[in-house]
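Visitor:
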Amino acid sequence: MSENLLDKVTSESGQAIALCYQCRKCSAGCPMVEEFDFPPNMVMRMVQLGMKDELLKSKAIWMCVSCETCGSRCPNEIRIAPVMDALRAQCLNEGITPADPVTVALHTSFIESIKTFGRVHEATMLMTYKWKSKNFTSDLDVGLKLFLKGKIPIMPKKSKNMAKIKEIFQEAGK
Ligand code: SF4
Ligand code: SF4
Numbered sequence: 001m002s003e004n005l006l007d008k009v010t011s012e013s014g015q016a017i018a019l020c021y022q023c024r025k026c027s028a029g030c031p032m033v034e035e036f037d038f039p040p041n042m043v044m045r046m047v048q049l050g051m052k053d054e055l056l057k058s059k060a061i062w063m064c065v066s067c068e069t070c071g072s073r074c075p076n077e078i079r080i081a082p083v084m085d086a087l088r089a090q091c092l093n094e095g096i097t098p099a100d101p102v103t104v105a106l107h108t109s110f111i112e113s114i115k116t117f118g119r120v121h122e123a124t125m126l127m128t129y130k131w132k133s134k135n136f137t138s139d140l141d142v143g144l145k146l147f148l149k150g151k152i153p154i155m156p157k158k159s160k161n162m163a164k165i166k167e168i169f170q171e172a173g174k
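FYI, the numbering for the sequence shown is 1 to 174, going by the working numbering.
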């Protein structure tokens with residue numbers, strides 16, 4: 001149990017987690033709740049209680065798709081997506097093995113593509129993802145169809161404003 005978890009996640013997410021009173025409106029509307037091991041309202045309670053180990057090893061923090069449905073339903077205007085982001089960052093920073101490494105592989109491949117090109121370049125992102133996840137054979141048929149239709153360009157195009165992208169990553173401490 002961590003005494004500082006609530007303060008740390010509140011500060012990093014910018015969300016008033018202490019105000020959550022377990023009305024469960026977030027979980028009732030969450031489109032991903034069936035994939036979570038702890039529903040969104042429970043995640044909030046666990047943060048309040050400082051249940052750091054359980055949260056950082058949970059599948060729930062990686063299953064959130066940041067759709068913001070919970071934030072639009074919450075009577076206290078708490079957005080859970082930034083809370084999940086703060087917990088994910090803490091999981092990776094502390095070297096904890098994520099409960100869902102394949103999602104983490106996709107997540108980090110996406111971020112690396114944005115950092116390198118300022119936008120997603122699907123071909124390099126998919127190659128990085130395949131390498132990280134060691135999942136070399138899935139979705140090859142779909143990938144080939146997209147490639148043949150010209151939906152996956154071979155050469156990347158960098159954003160014209162890479163300086164701004166660099167600035168954003170520096171601000172985020174990446
Ligand atoms: S932002 Fe995450 S927790 Fe909130 S409703 Fe969407 S998937 Fe669920
Ligand atoms: S909707 Fe808001 S107050 Fe209600 S359980 Fe979810 S986070 Fe807590």
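Note that CB positions come from ideal geometry on N, CA and C, so glycine has one too.
Evaluate Y129 with the Cβ neighbour count: other Cβ atoms within 10 Å of its Cβ, from every protein chain shown; 16 or more gives buried, anything less gives exposed.
Guide: For the purposes of this step, residue 129 is identified with residue 129 of the sequence shown, where counting begins at 1. With 16 or more other Cβ atoms within 10 Å, it is buried.
Visitor: Do F36 and I8 have their beta-carbon atoms positioned less than 8 Å apart in this structure?
Guide: Stepping through the sequence shown from its first residue, residue 8 is reached at position 8. Stepping through the sequence shown from its first residue, residue 36 is reached at position 36. Checking the sequence, you will find Lys at residue 8 rather than Ile. Taking 8 Å as the Cβ cut-off, K8 and F36 do not qualify as a contacting pair.
Visitor: Mind pulling the beta strand (DSSP E) runs of 3 or more residues that sit fully within the segment 108-135?
Guide: You should have found no qualifying run.
Visitor: Quick one: residues in its chain with C-beta nearer than 7 Å to the C-beta of K158, no 5 flanking neighbours on either side, listed in chain order?
Guide: In the sequence shown, counting from the first residue as 1, residue 158 sits at position 158. Hits under 7 Å: F117 and G118.
Visitor: Return the Cβ separation of E12 and L56 in integer angstroms, given the expectation that the two are a contact with Cβ distance under 8 Å.
Guide: By one-based count along the sequence shown, residue 12 stands at place 12. By one-based count along the sequence shown, residue 56 stands at place 56. Going by Cβ atoms, the distance from E12 to L56 rounds to 13 Å, so no, they are not a contact pair.
Visitor: Secondary structure at G37, three-state DSSP: helix, strand or coil?
Guide: Indexing the sequence shown from 1 puts residue 37 at position 37. Correcting the residue identity first, residue 37 is Asp in this sequence and not Gly. Here D37 sits in coil by DSSP.
Visitor: Going straight from the alpha carbon of A99 to that of W62, what length do you get?
Guide: If you number the sequence shown from 1, residue 99 lands on position 99. If you number the sequence shown from 1, residue 62 lands on position 62. Roughly 8 Å separates the two Cα atoms.
Visitor: Would you kindly check if the distance between the Cβ of A105 and the Cβ of K132 is under 8 Å?
Guide: As a position in the sequence shown, residue 132 is number 132, starting the count at 1. As a position in the sequence shown, residue 105 is number 105, starting the count at 1. A contact, by the Cβ cut-off of 8 Å.
Visitor: Got a sec: does ligand 2 put a non-hydrogen atom nearer than 7 Å to the Cβ of K160?
Guide: Indexing the sequence shown from 1 puts residue 160 at position 160. Result no, Cβ not under 7 Å from ligand 2.
Visitor: Apart from the five residues just before and just after V102, which ones in its own chain have a Cβ nearer than 8 Å to its Cβ?
Guide: Stepping through the sequence shown from its first residue, residue 102 is reached at position 102. So the qualifying residues of the chain are S133 and N135.
Visitor: Should L17 and M44 be called a contact, given that it needs their Cβ atoms to be closer than 8 Å?
Guide: By one-based count along the sequence shown, residue 17 stands at place 17. By one-based count along the sequence shown, residue 44 stands at place 44. For the record, residue 17 in the displayed sequence is Ile; it is not Leu. Yes, these two residues count as a Cβ contact at 8 Å.
Visitor: Specify, as a first and last residue, the run of the alpha helix (DSSP H) that R73 falls within.
Guide: As a first step, residue 73 is located in the sequence shown; it is residue number 73 there, counting from the start. Segment T69 to R73, the alpha helix (DSSP H) holding R73.
Visitor: Pick helix, strand or coil for L49, following the three-state DSSP scheme.
Guide: The residue you call residue 49 lines up with position 49 of the sequence shown. L49 falls in the coil class under three-state DSSP.
Visitor: So is the beta-carbon of S138 under 7 Å away from any non-hydrogen atom of ligand 1?
Guide: In the sequence shown, the residue the question calls residue 138 occupies position 138. Every heavy atom of ligand 1 is 7 Å or more from the Cβ of S138, so no.
Visitor: Is it the case that the CB of M42 approaches a heavy atom of ligand 1 more closely than 7 Å?
Guide: Working through the sequence shown from its first residue, we reach residue 42 at position 42. M42 Cβ: outside cutoff for every heavy atom of ligand 1.
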